[in-house]
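Chemist: Take 76 as the starting number for the sequence shown in the numbering used here and just add one per residue.
Glycine included, each C-beta is placed from N, C-alpha and C at the ideal position.
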Amino acid sequence: MKNIPYGKQFIDNKDKKSVINSLSHDLITTGPYVEKFEKKIKKFLKCNYSYVCNSGTAAIHLAMLSIGLKKNDIILMPAVNFIASYNMAKSMQLKIYLVDVDEQTGQVTPGKIQECINYNKLKKIKALIVMYNGGYPENIEKIYKIKKKYNFFIIEDACHALGAEYKYKNKYYKVGSCKHADISTFSLHPLKTITSGEGGIITTNNHSIAKKITLFRSHGILRNKKMHWKYDIIENGYNYRLSDINCALGFSQLSKINFFLKKRKKIYEKYLNELKTFNLNLIIPKYSSDIKSSFHLFIINILFHKLKKNKDHFMKYLLQKKVIAQQHYIPIYKFSIYKKKISSLIGSKKYYNNSISLPIYVNLSKKKQDKIIKIIKNYFN
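1. If we ignore side chains and look at the alpha-carbon of each, how far apart do Gly-295 and Asp-307 end up?
2. Check the DSSP bridge columns for Leu-151 and list the partner residues they point to.
3. For the alpha helix (DSSP H) holding Glu-113, just list the boundary residues, first then last.
4. Kindly identify the DSSP beta-bridge partner or partners of Ile-374.
5. Pull the bridge partners of Leu-297 from the DSSP assignment, please.
6. Is it true that the CB of Asn-280 sits closer than 9 Å to the CB of Cys-253?
7. According to DSSP, simplified to helix, strand and coil, what is Asp-387?
8. How would you label Glu-344, buried or exposed, when you count the other beta carbons within 10 angstroms and need 16 or more for buried?
9. Expressed to the nearest angstrom, what Euclidean distance is found between the alpha-carbon atoms of Ile-277 and Leu-263?
10. Can you name the start and end residues of the beta strand (DSSP E) that Val-127 belongs to?
11. If you measure from the CB of Asp-101, is any heavy atom of the ligand ZN nearer than 8 Å?
12. By how many angstroms is the C-alpha of Lys-449 removed from the C-alpha of Asn-123?
13. Express the C-alpha separation of Pro-406 and Ser-432 in angstroms, rounding to a whole number.
14. Check for me: the alpha helix (DSSP H) holding Tyr-381 runs from which residue to which?
15. Who pairs with Leu-241 in a beta bridge, going by DSSP?
16. Please work out which residues of its chain come closer than 6 Å, Cβ to Cβ, to Phe-455, disregarding the five sequence neighbours upstream and downstream, and give them in chain order.
17. Counting C-beta neighbours from all protein chains within 10 Å, is the total for Ile-95 16 or more, i.e. buried, or is it exposed?
18. Should Gly-186 be labelled buried (16 or more other beta-carbon atoms within 10 Å of its own) or exposed?
19. From Val-183 to Asn-245, what distance separates their C-alpha atoms?
20. Quick one: give me the first and last residue of the alpha helix (DSSP H) that Ser-97 is part of.
21. Could you tell me if His-235 is buried or exposed, where buried requires 16 or more neighbouring beta carbons within 10 angstroms of its beta carbon?
22. Which residues mark the beginning and the end of the alpha helix (DSSP H) in which Asn-319 is found?
23. What is the residue span of the alpha helix (DSSP H) that Ser-411 lies within?
24. Report the option in Ile-204, Thr-268 and Lys-118 whose CA atom is closest to the CA atom of Ser-259.
25. Kindly indicate the opening and closing residues of the beta strand (DSSP E) around Ile-277.
26. With a CB to CB cut of under 7 Å and the five nearest residues on each side skipped, what residues in its chain are close to Ala-154?
27. Beta carbon of Leu-221, beta carbon of Ala-202: below 9 Å?
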């Protein structure tokens with residue numbers, strides 16, 4: 076049997092036809108599929124403005140630029156996250172403060188955010204980045220209250236959470252609706268909920284922010300609508316555009332998102348039922364019942380110190396059995412690029428030592444999932 080990856084895209088004939096169709100148009104960049112895809116996203120998420128760009132990292136950078144972040148502005152972000160947010164903030168010379176995370180979910184909590192603010196005696200905070208690790212949007216209402224208290228921007232790094240929903244006052248809102256955030260960003264990488272090959276999405280309800288996004292996305296150009304050959308450069312922008320070819324794939328994939336979510340939920344529930352009471356040293360994070368997850372990851376925590384083993388031992392064991400698990404993520408402070416000494420962030424350390432992401436993707440077969448579950452149980456036995 077081949078290796079079982081932790082994630083994999085699902086591409087069908089409709090996707091392929093959509094891409095081929097885009098190639099027959101006169102414009103294969105800044106053409107009709109870009110607008111079609113953006114409109115479809117806006118309708119799905121129920122936000123005022125939606126834009127596509129060429130990566131999730133570009134979306135995060137556009138979010139930071141559009142709210143006017145500048146050198147020495149204070150930004151808070153999870154200690155556990157993919158490096159993209161940190162890299163963008165560092166390149167903009169922002170003052171970065173890492174917020175500790177829950178030791179099981181790997182997410183920031185209202186308590187951890189307040190702890191970071193108090194410990195560092197922060198007053199003028201410009202922005203907070205939150206990341207819904209695995210696709211589970213936790214604590215949105217409570218974090219929004221902290222935003223109101225300190226008057227900072229919230230950027231949702233929702234790379235795992237396209238299609239996820241949360242409940243507020245008996246009504247469900249999709250992550251990306253921006254009801255309790257200023258900006259939401261998504262990735263369209265092949266391992267995410269839907270893919271455009273590479274790509275990103277950025278959404279907002281703020282007209283001023285939206286206008287900035289369109290400028291920064293395409294070189295800071297402001298064109299004369301009546302005379303296309305006349306234009307001005309009013310911002311130092313970038314080429315973060317996404318081609319029609321990519322948008323054609325994303326447009327087709329978005330039509331299948333509810334099918335994708337249903338399949339992922341089924342795989343999640345099978346893992347949960349098989350592993351939730353299997354062993355006291357294997358812990359599955361608990362999430363609010365008000366959440367409708369995107370089920371991007373299935374995260375388990377193993378108390379390796381009680382087994383007198385470590386995570387590397389378990390990961391190597393899985394690899395020998397042709398199962399590729401993953402770590403989401405190595406804490407930012409552990410990288411060589413991070414120069415400060417860390418004395419706290421206990422939750423992040425525990426999460427890193429114990430957490431593993433098991434394979435979950437749309438066409439993961441029952442046979443392969445049964446094999447994964449059996450291999451894990453055999454490890455404990």
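Modeler: If we stick to the structure as given:
1. Translated into positions along the sequence shown, residue 295 becomes position 220. Translated into positions along the sequence shown, residue 307 becomes position 232. Spanning the two alpha carbons is a distance of roughly 8 Å.
2. Taking the sequence shown and counting its residues from 1, one reaches residue 151 at position 76. Bridge partners of Leu-151: Tyr-172 and Leu-203.
3. In the sequence shown, residue 113 corresponds to position 38, counting from 1. Element bounds for Glu-113: 107-120.
4. Sequence index remark: in the sequence shown, residue 374 carries index 299 (1-based). According to DSSP, Ile-374 bridges with Ser-432.
5. Taking the first residue of the sequence shown as position 1, residue 297 is located at position 222. In DSSP, Leu-297 forms a bridge with Asp-307.
6. The sequence position of residue 253 within the sequence shown is 178, counting from 1. The sequence position of residue 280 within the sequence shown is 205, counting from 1. In this structure, the beta-carbon distance from Cys-253 to Asn-280 falls below 9 Å.
7. By one-based count along the sequence shown, residue 387 stands at place 312. Secondary structure of Asp-387 (DSSP, three-state): helix.
8. Counted from its first residue, the sequence shown places residue 344 at position 269. Per the 10 Å Cβ criterion, exposed.
9. For the purposes of this step, residue 277 is taken as the residue at position 202 of the sequence shown. For the purposes of this step, residue 263 is taken as the residue at position 188 of the sequence shown. Each residue's Cα considered, the two are about 11 Å apart.
10. The residue you call residue 127 lines up with position 52 of the sequence shown. Val-127 -> beta strand (DSSP E) spans 124-128.
11. Among the components of this structure there are no ligands whatsoever, and the ligand ZN is therefore not found.
12. Position 48 of the sequence shown holds residue 123. Position 374 of the sequence shown holds residue 449. Spanning the two alpha carbons is a distance of roughly 47 Å.
13. In the sequence shown, counting from the first residue as 1, residue 432 sits at position 357. In the sequence shown, counting from the first residue as 1, residue 406 sits at position 331. The straight-line gap from Cα to Cα measures roughly 15 Å.
14. Working through the sequence shown from its first residue, we reach residue 381 at position 306. Before going on, a small fix: residue 381 reads as Lys here, not Tyr. Where Lys-381 is concerned, the enclosing alpha helix (DSSP H) stretches over 379-382.
15. Taking the sequence shown and counting its residues from 1, one reaches residue 241 at position 166. In the sequence as presented, Leu is not what sits at residue 241; that position holds Tyr. DSSP lists Tyr-248 as partners of Tyr-241.
16. Mapped onto the sequence shown, residue 455 falls at position 380. Only Asn-354 meet the Cβ criterion.
17. Residue 95 sits at position 20 when you count from the first residue of the sequence shown. By the Cβ-count criterion, Ile-95 is exposed, with fewer than 16 other Cβ atoms from all chains shown falling within 10 Å of its own Cβ.
18. Translated into positions along the sequence shown, residue 186 becomes position 111. With fewer than 16 other Cβ atoms inside 10 Å of its own Cβ, Gly-186 counts as exposed.
19. As a first step, residue 183 is located in the sequence shown; it is residue number 108 there, counting from the start. As a first step, residue 245 is located in the sequence shown; it is residue number 170 there, counting from the start. For Val-183 and Asn-245, the distance between alpha carbons rounds to 24 Å.
20. The residue you call residue 97 lines up with position 22 of the sequence shown. It spans 88-97 - the alpha helix (DSSP H) in which Ser-97 sits, taken as one unbroken run.
21. Here residue 235 refers to the residue found at position 160 of the sequence shown. The residue in question, His-235, is buried, as its Cβ has 16 or more Cβ neighbours within 10 Å.
22. As a working note, residue 319 is residue 244 in the sequence shown. For clarity, residue 319 is Asp in the given sequence; the question names Asn instead. Segment 319-329, the alpha helix (DSSP H) holding Asp-319.
23. Taking the first residue of the sequence shown as position 1, residue 411 is located at position 336. Where Ser-411 is concerned, there is no enclosing alpha helix (DSSP H), given that its DSSP letter is neither H nor E.
24. In the sequence shown, residue 259 corresponds to position 184, counting from 1. Selected option, being the one with the closest Cα: Ile-204.
25. Position 202 of the sequence shown, counting from 1, holds the residue named residue 277. Start and end: 275-279.
26. Along the sequence shown, read from residue 1 onward, the residue named residue 154 stands at position 79. Result list for Ala-154: Leu-173, Val-174, Asp-175, Val-176, Pro-406, Ile-407, Tyr-408, Leu-420 and Ser-423, in chain order.
27. Here residue 221 refers to the residue found at position 146 of the sequence shown. Here residue 202 refers to the residue found at position 127 of the sequence shown. For the record, residue 221 in the displayed sequence is Ile; it is not Leu. Judged by their CB atoms, Ile-221 and Ala-202 are not nearer to each other than the 9 Å cut-off.
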